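Visitor: Protein chains in written order, with the numbering used here: chain A, -14 to 373; chain B, 94 to 391. Glycine residues also receive a C-beta, built at the ideal position from the N, C-alpha and C atoms. This one's a predicted model, so the numbers in the text were calculated from it and none came from an experiment. Pasting a structure below so you can have a look.
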Amino acid sequence: MMPSAGHPTSPSPALTSPSPTLTPHLTQSAANPIGTDRLFQGAILTRSRWCAVMAVLLLLSVMLVMLCLQLGTQYIGMGQIVGLLSSALFGTASESDALRTTGVILLQVRLPRVFLGFLVGSCLAAVGVALQALLRNPLADPYVLGVSSGAALGVAVAVLFGIGTTVLALSLLPVCGFSGSLVALLVIYRMAASYDRLPIHSVLLAGVILNAIFSALIMFITSIMEPNRSFGMMAWLMGSLTAPGYPVLSALSAYLLVGLVLLLKQVRVLNVLALGEEPARSLGINTERTKRVIFLLSALITGAVVSFSGMIGFIGMIIPHAVRLVVGADHRLLLPASALVGGMFLMVADTMARTLFVPSEVPVGVITALAGGPFFVYLLVWRKDRLA
Amino acid sequence: MNRHHGEETRLGHHVSASMGADRAYDLRGLYFCYGRPGALDGRWVLQDVTLQVQAGEILGIVGPNGSGKTSLLKLLAKLAVPQTGDITLFGRSLAVLSQEETAHTVAFVPQEQAQLFPFTVAETVLMGRFPHRQRSRWSLGFGWEDQDDCRAAAQAMETMDIAHLAARLVTDLSGGERQRTMIARALAQMPRLLLLDEPTAFLDLQHQIDICSVLRRLRDERGLTVVIVSHDLNLASQYCDRVAMLKDGRVAAMGTSPEVMSVEILREVYGCNVLIDAHPESGLPRITLPGPSLLLHV
């Protein structure tokens, strides 16, 4: 009765297919269809809905990028932007001096900054989605959990020991950020392992404690630095999107895109993990390995992001939450959609940061914290039924 | 389906190996504790558990709080690994099967718990198709559900009477609806074995009866083997083919319900007197708590 050993990729038929006694029921339902299409209509994520939502979001992203490129201390019209971008792409030289100055502003300052904002926002939102599913906790976010401050500490230590601003040194900073965020995630992983799932308040508590320890160490480091360097450090810590040059920026984006794609490969596993650890294991997931992979990817991405943009808070929490309300909980759509919306959100927030109070510039972290903090309180107080 | 009722009422002696073909599970000398054995809190949760689950039977696991029922179920689902002893699943050692291979044969429904993420009922049931997902290098792990998946999920939802809830969010369901969704998720997995932890704990009477009759129907139609952990002695007595009664991590009694549900055994295991008479319909033992006057004489 029992077939011999089955291979995981080609399980023996008797294990997987319904037993013969079931077939009459199936043929009966084929003759008199249950109507699976009608049953699942609007109830599950289909490929066409995925494509539609992603297309809308991509279109919206392109439109917002264009808008953000126009705004700044100097307004640049849409026609000029298109002209300058195409001449930069196809190598035709611009004629007038005025146009050349505008070109420098657009291509050397504004474009990399808008691009960095989008990238950082995407990464933080995607990591937020992954951590929320993994910890089964809708408030998880790299900033709240102390992962960001861990990365910041790593970078601060590196700067203290005099890692300069050469391209080689800049590529070392993400590694230091990664080590810092990995330490924070290991502590949280250890806590998550000792309870079955992290109760909501333990996560917040762990975050508070980690944040307190890391910020104390960061403050210690900044206080023993020379004053002018410590000022730059404080500005960076509050979250700023001062873009590096194109070589560094392209290296960073290649690195982050690989991370995002690897994270995207885990989406269906994230769905099942969100059910709970035991159900996930009973569905055949090696949860320990999956957790390690996702924690490692989160640390890599957060470390790199923080080393360039400082501590930008709450994006990893607000964005997934808002997107989940609209597109549903399926991570196949939630993760890429949150990445796009997170990118748009940070890009717009940064545009506000650099245009609202001209000539001074507000750190973008201030704006995201002012938007995210109240939202966090709202979730914690008025939606606590959903937080279990 | 050839079931072996009452071959062994008390465990500890092994049945001849020729019966192996009909055995879904064969557990021998299991010792299990959480954490490290020998540690200060390393109390054995299960001790010297030896029992068989026959293919196509409904086995009830009952016992007082903390007697190791849920832990035993977790061992069967390979969610935990015993320190000593071995478990074979249809003749193959569970220790060498991967989590994924086990998932093709065994489905596990945990105790009812609140859901945090707003998946729809249909999405949740379709997650049961995870072990059967399509995999290819370029699918990015998206593994979109195909017709087979939808058909299996739809059938599981019909069976559990939740088809009308397909588009509802699991976060908005009542406890009973959520429990039926989780069982449907397990059925969509197309398992040969279904393990349920307190499946009726949050259900009203009608749905308790519904679930029990669905399980019996699945046993008859598909030859599904079911292991239920339950607090409800009457449910175990009426609906399970055999009952294993645990006390302090050991099997105190094992057999058909008339063999296990006796005043003496229940007094020994639960430490209290109960009244047992025959169920007016089935003739199987019916367990009743003693009235106030009897309580005084315990």
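So is B/F223 in contact with chain E if we call contact Cβ pairs under 8 Å?
Guide: Looking for chain E here will not work: the only protein chains present are A and B.
Visitor: Residues of chain A with CB closer than 7 Å to the CB of B/L219, please, in chain order.
Guide: Listed by position along chain A, the residues whose Cβ is nearer than 7 Å to that of B/L219 are I29.
Visitor: May I ask you to verify whether the stretch 216 to 228 of chain A touches the stretch 187 to 195 of chain A, counting CB pairs closer than 8 Å and requiring at least 3?
Guide: no
Visitor: My assumption, with CB atoms under 8 Å, is that B/V320 sits in contact with B/L166. Please give the rounded CB distance.
Guide: 7 Å
Visitor: Please list, in chain order, the residues of the stretch 364 to 376 of chain B that have any C-beta partner in chain A closer than 9 Å.
Guide: none
Visitor: Using three-state DSSP, classify B/V155 as helix, strand or coil.
Guide: strand
Visitor: Applying a beta-carbon distance threshold of less than 7 Å, which residues of chain A neighbour B/L172?
Guide: E263, R266 and S267
Visitor: Measure how close the beta-carbons of B/V362 and B/I380 come, nearest whole angstrom, since I'm counting them as under 8 Å.
Guide: The Cβ separation is near 12 Å, so there is no contact.
Visitor: How big is the Cα-Cα spacing for A/S345 and A/T31?
Guide: 47 Å
Visitor: Output the distance between the C-alpha atoms of A/S71 and A/I90, rounded to the nearest integer angstrom.
Guide: 15 Å
Visitor: Taking all protein chains shown into account, do 16 or more other C-beta atoms lie within 10 angstroms of the C-beta of A/L341, making it buried, or fewer, making it exposed?
Guide: exposed
Visitor: With B/L144 as the anchor, note down where its beta strand (DSSP E) starts and where it stops.
Guide: Where B/L144 is concerned, the enclosing beta strand (DSSP E) stretches over L139 to Q147.
Visitor: With a CB to CB cut of under 6 Å and the five nearest residues on each side skipped, what residues in its chain are close to B/F201?
Guide: Contacts found: A170 and L288.
Visitor: What would DSSP say about B/Y332, mapped onto helix, strand or coil?
Guide: helix
Visitor: For a cutoff of 8 Å on Cβ pairs, would you count A/P123 as touching chain B?
Guide: Interface residue, yes.
Visitor: Following the continuous alpha helix (DSSP H) through B/V189, name the residue where it begins and the one where it ends.
Guide: No alpha helix (DSSP H) holds B/V189; DSSP gives it neither H nor E.
Visitor: What's the call for A/C161, buried or exposed, on a 16-neighbour Cβ count within 10 Å?
Guide: buried
Visitor: What did DSSP end up calling A/P18 once you bin it into helix, strand or coil?
Guide: Low confidence applies to A/P18: its pLDDT is 48, below 50, so where it sits in the model is not reliable, and the reading given next is rough at best. In this structure, A/P18 counts as coil in the three-state DSSP scheme.
Visitor: What separation, rounded to the nearest whole angstrom, lies between the Cα atoms of A/N196 and A/L245?
Guide: 25 Å
Visitor: Could you tell me the distance, in whole angstroms, from the CA atom of B/P157 to the CA atom of B/T213?
Guide: Note on geometry: alpha-carbon atoms of B/P157 and B/T213 lie some 36 Å from one another.
Visitor: To the nearest angstrom, report how far apart A/T207 and A/L282 are at their CA atoms.
Guide: 29 Å
Visitor: Can you name the residues of chain A whose CB is closer than 8 Å to the CB of B/E150?
Guide: Correct list: empty, because the minimum Cβ distance to chain A is about 14 Å.
Visitor: Anyone know if the C-beta pair for A/A111 and A/A324 falls short of 8 Å?
Guide: yes
Visitor: For B/E352, go through chain A and note every residue whose CB falls closer than 8 Å to its CB, in chain order.
Guide: Chain A residues near B/E352: none, gap ~26 Å exceeds 8 Å.
Visitor: For A/L7, which of helix, strand or coil comes out of DSSP?
Guide: Model confidence at A/L7 stands at a pLDDT of 39, short of 50, so the residue's coordinates are unreliable and nothing is read from them.
Visitor: Rounded to a whole number of angstroms, what is the C-alpha to C-alpha distance between A/I173 and A/L130?
Guide: 8 Å
Visitor: Measuring only between beta-carbons, confirm whether B/A200 sits less than 8 Å from chain A.
Guide: yes
Visitor: Could you pull out every residue in the same chain whose Cβ sits closer than 8 Å to the Cβ of A/W367, ignoring the five residues on either side in sequence?
Guide: none
Visitor: Measure from the C-beta of A/T87 to each C-beta in chain B and report whether the shortest distance is under 8 Å.
Guide: no
Visitor: Between A/L355, A/S164, A/G139 and A/L310, which lies nearest to B/F210 when the distance is taken from Cα to Cα?
Guide: A/L310
Visitor: List the whole-angstrom C-beta distance separating A/I304 from A/A356, where the pair is believed to meet the contact cut-off of C-beta under 8 Å.
Guide: About 11 Å; that fails the 8 Å criterion.
Visitor: What does the Cβ neighbour count give for A/N17, buried or exposed, with the cut at 16 atoms within 10 Å?
Guide: At A/N17 the pLDDT is 40, less than 50, meaning the model places this residue with poor confidence and gives no usable figure here.
Visitor: Measure the beta-carbon distance from A/P348 to A/G224 and round it to whole angstroms, keeping in mind my assumption that it falls under 8 Å.
Guide: 5 Å
Visitor: Where does the unbroken beta strand (DSSP E) through B/G348 begin, and where does it stop?
Guide: R343 to G348
Visitor: Which first and last residues belong to the beta strand (DSSP E) in which B/Y118 is found?
Guide: R116 to F125
Visitor: On the criterion of 16 or more Cβ atoms from any shown chain inside 10 Å, does A/I203 qualify as buried, or is it exposed?
Guide: By the 10 Å Cβ count, A/I203 comes out buried.
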